[in-house]
Amino acid sequence: MDLIPFFETAIAALNKSKSAELGDRTQYIGSSDVGSCARKVYLQKQDPSEPDFNTMMRFSRGHVAEILLDNMFTAAGVKHLYDTQVEVVHPDHPLKAHIDFLFYADFDGKPQLHVIEVKSVSTIPDEPYSTWIDQLNFQLGLLRLKYPVGKLGGSILAIDLNAGAVHQFNGFDYNETLFNYLCNRGLNMLECLAGTEEPSTSTSFLCSYCSYRPDCPAMALPEVELPPEIEAMANKFIELNDIRYEADRRMRGIREGLLEFTGPIFKGRSETIDLVVSSVAPSMIVDSKLLKKQYPDVYPEVLKERAGYTKLECKSNCC
Ligand code: SF4
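What follows is the structure, given as structure tokens:
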């Protein structure tokens, strides 16, 4: 039974059925669009293309996280408090959002609206990304238009399924100024789609995953002719970097497997291997963000210069 070719078809079918739940995305601006790069949104809607296998697998990871949460909430007996994939629509414009989880009451039964935006990640960031915050604020704004009174808030739940870690970025409220700004961004994107405005670029960490990057003006580099040996060296560098990346990824999985066997403390010698696992005690470090916030006068006095270094970026542009 050869599963991989089957997976490629199956993941495309799953992705299609999940996208169908969101309606025809070329006809409206959604909450994940408003905080994104206008050029990317414009191109995605002008000429929608099927994402590649890896991207579809990443999308599915998000769906898996949502299903897991739904199962957990159901098992905990709070299924009656929320709905999933709730559509909220702007009354005057084709601007809409699909809310992952909308709670109508707190766990103690007190009525309130609470939006949960679920993000499946490979590493939980220290702070939520600005695109996540924009997405949540847009959802809160559309909800506020629908429910002008009552308690309304939201949170972003970042889930790292591999590490079994979860973090709630909580305490988001409706912010009228930000919502108006996001609506204006959405309206601008609609004008771009109508051909009356030029879509602008906004670079972010998401550019790494953008399929419109190769000819993006924000990423344009001056044309140069490299000597063949330098070109070959650069290609070798890319090849080795890919091998290192793949090795790191596989080593993380193997490390987890080994630690599952050994636990946090272990010493042993087999015929071929010395295996030692020890624990490094937690230690304290200075929280520089907190220091800057709470002691703004002291902060500049404890800064010291960090030596600069040469950064080499070498990526293939042939795909
Ligand atoms: S590469 Fe970045 S700036 Fe360019 S279109 Fe994609 S998201 Fe926008």
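Going by the numbering used here, the first residue of the sequence shown is number -16, and it counts up by one from there.
A virtual CB, placed ideally from N, CA and C, is assigned to each residue, including glycine.
Quantities reported herein were computed from a predicted structural model and do not represent experimental measurements.
Of the residues Leu5, Tyr195, Asp109, Ala146, the one whose Cα lies closest to the Cα of Arg22 is Tyr195.
The C-beta distance from Ala80 to Leu128 rounds to 11 Å, too long to fall under 8 Å, and the pair is not in contact.
Beta-bridge analysis with DSSP links Glu70 to His81. In the DSSP assignment, Leu135 falls within the beta strand (DSSP E) that extends over 135 to 143.
In this structure, the alpha-carbon of Asp257 lies about 45 Å from that of Glu100. Leaving aside the five residues that flank Gly246 on each side, the residues in its chain whose CB is nearer than 8 Å to its CB run, in chain order, Val260. The residues Lys23, in chain order, have a CB closer than 6 Å to that of Cys193 in the same chain once the five nearest residues on each side in sequence are set aside. Put simply, the backbone Cα of Ser0 is about 39 Å away from that of Leu242.
By the neighbour-count criterion, in which 16 or more other beta carbons inside 10 Å mark a residue as buried, Asp109 falls on the exposed side. With a minimum length of 3 residues, the unbroken runs of beta strand (DSSP E) contained wholly in the region 131 to 215 fall at 135 to 143, 148 to 156. In this structure, the straight-line span from the alpha carbon of Ser185 to that of Glu254 is close to 56 Å. Nearest C-alpha to Gly13 among Leu135, Asn167, Gly45: Asn167.
Classified as buried, Asp117 has 16 or more neighbouring CB atoms from the shown chains inside 10 Å of its CB. With a 10 Å radius around the Cβ and a threshold of 16 neighbouring Cβ atoms, Met172 comes out buried. By the neighbour-count criterion, in which 16 or more other beta carbons inside 10 Å mark a residue as buried, Cys297 falls on the exposed side. Taking a C-beta distance under 9 Å as the contact criterion, Val61 and Gly169 do not qualify as a contact pair. The Cβ-Cβ distance between Ile139 and Phe121 does not fall below 9 Å. A residue is listed when its beta-carbon falls short of 5 Å from at least one non-hydrogen atom of the ligand SF4; in chain order these are Cys20, Arg22, Lys23, Thr184, Thr186, Cys190, Cys193, Tyr195, Arg196, Cys199, Ala201. Bridge partners of Val101 according to DSSP: Leu140. Shortest Cα-Cα distance from Ala(-7) to any of Met40, Asp91, Ser32, Leu85 involves Met40. Pro94 sits in a strand when the DSSP states are folded into three classes. The secondary-structure analysis by DSSP pairs Gly251 across a beta bridge with Leu258.
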